[in-house]
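Each residue of the sequence shown is one higher than the one before, starting from 28 at the first, in my numbering.
Report on the following structure.
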Amino acid sequence: MNLADMLSYADIGQLSRIATTYQCECSGNSKNELIQSILSTVNRREVFETQIGSMKMEDLRFINSLLFDPRDSFSLEELIARVQQSKFNKTDSAQQKADTPERPAATDGKKPAKKSKKTPESVTESGPRETISRFKQYGWLFNGYAGPNRYLFQVPSDVKERFKETLGKKFLSQAVYAEEEPHAYRDEQLIMGEDVKHFLDFVYHNEIPLTSDSAMYKRSLIQIMDRFGVKEDFPARGEWRFGYGRRMKDYPNRMSLIYDYCYFYGWLSEADSLLTLTPSGKERQAMRMAEPSDKLYRFWLRLYKGAIPNIRALTYWIDQLSHKWVMSTSLQSVLTPYIKPFYYDQPETILEQRLIGMMMHMGLLRIGEVPSKGQVIRMTPMGRSIVAGLSIEDDAIVLN
């Protein structure tokens, strides 16, 4: 539902609190007058942009996590967990301006709405509940109005779109674009899909022994990767590697994704210390077809979601900011504040290796080099269509 619909279902107490937050001048006893006054204020562009500009980083992360969730409603427990996930460290708040206002300043000099005597005061809880209460007072979160939905929270559909539009403008103003085309760039469109086919062919035609941990020996791995269209370095001995798939600890990044993809779909068997194809794997191998890029992308999103909870939001912003050649350094400065460290993986590493690097391997973006400027990236036409048109399950994949 849109904001106008949700306001019509809200009780007069919540309407009065929202009107007071926006300093609307209207009667606090008239529901219709409250709704009209709120809508006329909220729909003004400068008011919304002022709100975005005054939000703390943890609040921006919180709302950003809700914008790209395919679900329409959230429980209180889910919202509390998201607020907690949005607080990366104790210095987040200190990084904001000391004079950040708690509510948008009046833009027309009018007096705030008069509260009715029955209107409850604003909730002054601390922690996640205070954040949720504040978002309700801004009209960004609403309780359901009937049945079991009354205990769930929703973000108005049009408010979601306005957030995306306003955040997009903010990010675009911070991005730096190359004035010239790179002389050469790396583009791997459709190659990973072909390599899935090559991998299944190799397993079908060869006997591949496994270690006690069900990993392939290096000799077999080298033979497989020699058939691939993209070469990768092997992980360094003792290198920290987990959280991005079942075989991340054993194989290079791209190879690990291909292996886990085939394993997830039930095409591989690791029984009796041998890697073989299952009956469904043999059927897939006999098709002799490359794997579609959009299926690989869907799998990657869900597999990496455990380590990068807001991966869908980050891929959306990478797509939006890379419509033309953008400097990698500026992309990093815009997006790393929204990336939570994952154990020893810092935000810069996650963006460079887990996101941009893997998106390039899947053919979603190109990486080039501009003389005197450094690395630049740009989405491919295929990548833009895949990211823009995607609708997937939200549960993370865990391969045990």
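Cβ coordinates follow ideal geometry from the N, Cα and C atoms, glycine included.
Bear in mind that the values here come from a model prediction, so they are computed numbers and not experimental data.
| Asked | Found |
| --- | --- |
| Reduced DSSP secondary structure (H/G/I, E/B, other) of Asp253 | helix |
| Length at least 4, wholly inside the stretch 182-261: the alpha helix (DSSP H) runs in chain order | 184-201, 218-232 and 245-254 |
| Endpoints, the alpha helix (DSSP H) within which Gln312 is located | Pro306 to Met314 |
| Coarse secondary structure for Thr77, derived from DSSP in three states | helix |
| Classification of Phe269 by the beta-carbon crowding that lies within 10 angstroms, buried from 16 upward | exposed |
| Stretch-stretch touch, CB-based, cutoff 8 Å, three pairs: the stretch 167-182 with the stretch 93-101 | yes |
| Close-in-space but distant-in-sequence residues of the same chain around Lys197 (CB under 7 Å, 5 per side omitted) | Ile79 |
| Nearest-angstrom beta carbon gap, Tyr343 and Val403 [assumed within contact, 8 Å] | About 20 Å separates the two Cβ atoms, so there is no contact after all. |
| Per-residue burial, His388 [other beta carbons within 10 Å of its own, 16 or more giving buried] | buried |
| Neighbourhood of Ser100 by C-beta, 8 Å cutoff - its chain only, sequence neighbours within 5 removed | Gly171, Asn176, Leu179, Phe180 and Gln181 |
| Range of the contiguous alpha helix (DSSP H) that encloses Gly410 | Pro408 to Ala415 |
| Segment limits, beta strand (DSSP E) that includes Glu396 | Leu392 to Val397 |
| Span separating the alpha-carbon of Gln41 from that of Arg109 | 23 Å |
| Distance between beta carbons of Leu301 and Ile235, contact taken as under 8 Å | 6 Å |
| For Tyr290, the first and last residue of its enclosing alpha helix (DSSP H) | Asn280 to Phe291 |
| Residue nearest to Val69 in terms of C-alpha spacing, selected from Thr47, His350 and Ile345 | Thr47 |
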